Each structure stands twice: as C-alpha cells, then as structure tokens.
Amino acid sequence: MSKELLIKKAFDKLDECNGNLIVANDVSRKGCDFGSDTNEVYIIDKEKKIIHIPLRSKKEIASKLIEIVCKKLDIP
602 MSKELLIKKA FDKLDECNGN LIVANDVSRK GCDFGSDTNE VYIIDKEKKI IHIPLRSKKE
662 IASKLIEIVC KKLDIP
C-alpha cells in the first residue's frame, strides 16, 4: 500500500470515529509485521498534521506516541 493511501485511509477512519489522533502502519512491510520488534508509523491528528516515525523499535515508537499525546493534552 502506498504511503498516501495508508494516510488517507487512516484519516478517513479518524474522521469516521470523530477521534483526535490515529496511528497508521503498513503491516505488510518487512520489519513492520506483528511478530517484529520494530515498526514504522504515521501519527495523524484531526487537523491532518502528520508525524512520520521511521523504522524504530516498538518501545521507541510507544515513547514518542506518549510524548505526543501528553503534549496534545497539555501534560508536562
């Protein structure tokens, strides 16, 4: 799946659910599958701001996601 299509589908889902933030990843890519310790994701908010996190450990991605959520909630 192309990056553009992945982001479009994720934003459509976010809009459909009236959410604030969604994380999209292509599990068909090598290193991004369910059994892997790594992933590459796009974090998309309702204003269509896209943050790309290139291939990293899932722990690093989780840490970055927590940082982004805390910032959005204005939690230091």
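The opening residue of the sequence shown carries number 602 in our numbering; numbering runs sequentially from there.
Where a beta carbon is used, it is the ideal one built from N, C-alpha and C, also for glycine.
Only a predicted model underlies this, so the values are computations on that prediction, with no experimental measurement involved.
Point to revise | Beta-carbon contacts of I662 that lie in its chain and below 7 Å, excluding the five residues immediately before and after | key: N640, V642, I654
Exercise for review: Determine the extent of the alpha helix (DSSP H) in which V670 is found, giving its start and end residues.
Suggested key: 659-673
Review point. D638 to V624, Cα distance in whole Å?
Key: 17 Å
**Study point:** Boundaries of the beta strand (DSSP E) in which I608 is found, first to last residue
**Key:** Not the beta strand (DSSP E): I608 falls in the alpha helix (DSSP H), residues 604-618.
**Study point:** Cα-Cα separation, D613 to E668
**Key:** 24 Å
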